[in-house]
Amino acid sequence: MTDDQGVAVNRRRFLTISGSVLGGIAVGTTVTAAESDERFLVETNDVGGLDAEVIHDLSQINLAVVRGNEEDLEADSSASTFEPDTVYQLDLPSERQDEFAAPEGGVDIQDAEDALLYPAQWDKQAQDIPAAHDITEGEGTRVSIIDTGIGTFFGDDVFHPDLTVNTDLSKNFTEDSGDAGDIGFHGTHVAGTVGANGLGVTGTAPETELVSCRVFGNAGGATFGTVVAAMVYSAEIGCDAANMSLGAYPVSREGLGDFYGKVLQKSANYANKEGTLLVAAAGNDSADLQHDGDVISLPNEAANVMSVSATSTAGFDPLFGGEPDEPAETPTSYTNYGTNAVNVSAPGGDTRDDGSVFDWVLSTAPPLNILLPYVYLAGTSMAAPQVAGAAALVKSENPGYNANQVRSVLERTSIHPRDVPGDKPYHGRGHLNPDGALQTRGGGNGKGK
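The numbers in my numbering rise by one with no breaks, and the one at position 220 of the sequence shown is 858.
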């Protein structure tokens, strides 16, 4: 490997440098890059001919994730190009999470008529999700959650009162010995935003089938290769949408970053062709992705990936009601933005010092990890699944739509917020409007237009 001046660069040294380049956010979580000196991503037309242990056979996109020796791969005629499979470490900041505990004089859980904690879900109220449910609740659709896992697995079931997960299709893409259950609670929170059944909290598409694609290992790391494998798998099993509340920023557009970008693009194109709408969080760096030089945010800036920024109300009071200080379409203090880097905005909750935990997003958490199986989180991680759930609603109402048509409807029917800051750099085509998306007719030309 050489740098732009042709000077030899030691691969181990390059990966150390890449740590500062790729270290970014897993949107709702922080990510740092670490070295993986045995795993490689290999572009090949002959996966079976590789002289290495194949971890993920991705022949659909002429790629394999392998474990092997660098010198052997360099001499392997079946390997056209290869690069190390970088590891990202998961570190959820404590200031952006809070366990749910019903306040004194709060919601009467025993007597609540619908979702017990719906009064605390400003995000669903702002989107008028009950009106959307009068049309469809996502029946006949499937959404994968590419994340830390979902819930706690017990045989063929997931132990959570609000979540129904297809455990047969769910998969652990890491090399640890665990199942596809959640190693923390990030993925479970995301899953509930998409498809909670309304017992405790309301999901956007409670009738959609959830599939857990766990890409983070017990040690907290996720490799680039596992994420790509989960993207391809989601398309293979016919998911209508795949949510990726994860990412890395800033990634150089050159060198290793260029290779990763091309691999990711092949994966996204394949998923799109197979009918899977990929939805990704825009990131939590307060960064202008439109004017950030020769770097890129992945996976949200790849073509055929729908990039979602975060908005939030301020001053929401689930106990006494009243008008909040700011509308739900207000961009958050942390969200990334950029005219061509954000497609739509959606509720993600804000974490301002003068704010309240009630302005965060309430959703599900593994019941064995905390006293109550619900938790408040904030981040673009929480905004992306709002869109993935809405995609399931649109697909349910229009089963003949392809991924481009579903995306087109979501973008064309998004609301252009008035009297809030941000405009197009923060909202892209607009603010997510699930009920409006179900009222429209026509899915564009099939190319997202």
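Don't be surprised by glycine CBs; every beta carbon is placed ideally from N, CA and C.
All figures in this text were calculated on a predicted structure; none of them were measured in a lab.
Inter-residue spacing [alpha-carbon to alpha-carbon] between residue i and residue j
| i | j | result |
| --- | --- | --- |
| residue 884 | residue 911 | 22 Å |
| residue 695 | residue 680 | 10 Å |
| residue 932 | residue 722 | 21 Å |
| residue 767 | residue 978 | 28 Å |
| residue 683 | residue 835 | 43 Å |
| residue 705 | residue 806 | 27 Å |
| residue 997 | residue 1068 | 21 Å |
| residue 1045 | residue 889 | 26 Å |
| residue 858 | residue 1078 | 42 Å |
| residue 900 | residue 927 | 19 Å |
| residue 907 | residue 761 | 31 Å |
| residue 1015 | residue 971 | 15 Å |
| residue 1026 | residue 691 | 34 Å |
| residue 1052 | residue 1074 | 8 Å |
| residue 687 | residue 943 | 32 Å |
| residue 894 | residue 953 | 44 Å |
| residue 981 | residue 1064 | 9 Å |
| residue 773 | residue 966 | 23 Å |
| residue 949 | residue 677 | 38 Å |
| residue 964 | residue 995 | 15 Å |
| residue 1030 | residue 715 | 43 Å |
| residue 1056 | residue 983 | 14 Å |
| residue 934 | residue 913 | 25 Å |
| residue 1005 | residue 820 | 11 Å |
| residue 1039 | residue 770 | 18 Å |
| residue 840 | residue 939 | 29 Å |
| residue 1032 | residue 842 | 11 Å |
| residue 797 | residue 829 | 13 Å |
| residue 702 | residue 719 | 11 Å |
| residue 763 | residue 1054 | 18 Å |
Per-residue DSSP class, three states only, for residue i
| i | result |
| --- | --- |
| residue 688 | coil |
| residue 815 | coil |
| residue 720 | strand |
| residue 681 | strand |
| residue 972 | coil |
| residue 711 | helix |
| residue 826 | helix |
| residue 887 | strand |
| residue 676 | coil |
| residue 926 | strand |
| residue 902 | helix |
| residue 990 | coil |
| residue 859 | strand |
| residue 696 | strand |
| residue 702 | strand |
| residue 767 | helix |
| residue 1063 | helix |
| residue 921 | coil |
| residue 896 | helix |
| residue 775 | coil |
Residues that residue i bridges to, as DSSP identifies them
| i | result |
| --- | --- |
| residue 851 | 784 and 809 |
| residue 982 | 946 |
| residue 840 | 835 |
| residue 1069 | 983 and 1053 |
| residue 791 | 796 |
| residue 939 | According to DSSP, which records beta bridges pairwise, residue 939 is partnered with nothing at all. |
| residue 964 | 952 |
| residue 916 | 880 and 943 |
| residue 803 | 848 |
| residue 865 | In the DSSP output, where bridge partners are listed per residue, residue 865 has none listed. |
| residue 934 | 889 |
Inter-residue CB distance, residue i and residue j (contact presumed, cutoff 8 Å)
| i | j | result |
| --- | --- | --- |
| residue 818 | residue 787 | 5 Å |
| residue 854 | residue 812 | 7 Å |
| residue 920 | residue 881 | Residue 920 to residue 881, Cβ: 13 Å. No contact. |
| residue 1041 | residue 1070 | The Cβ separation is near 17 Å, so there is no contact. |
| residue 879 | residue 999 | Not confirmed; about 18 Å, so no contact. |
| residue 838 | residue 753 | 7 Å |
| residue 866 | residue 905 | 5 Å |
| residue 1018 | residue 922 | 6 Å |
Heavy atom of the ligand ATP within 7 Å of residue i beta-carbon
| i | result |
| --- | --- |
| residue 1032 | With respect to small molecules bound, the structure shown includes none, and the ligand ATP cannot be examined in it. |
Three CB pairs or more closer than 8 Å across the segment 704 to 720 and the segment 837 to 850 | As far as the Cβ criterion goes, the segment 704 to 720 does not touch the segment 837 to 850, which means the pair count is below three.
Determine contact between the segment 785 to 800 and the segment 984 to 994, defined as no fewer than three beta-carbon pairs at a distance below 8 Å.
-> Segment contact: the segment 785 to 800 against the segment 984 to 994, fewer than three CB-CB distances shorter than 8 Å; contact not assigned.
Could you tell me whether the segment 825 to 841 touches the segment 864 to 873, where touching means 3 or more Cβ pairs closer than 8 Å?
-> These segments do not touch.
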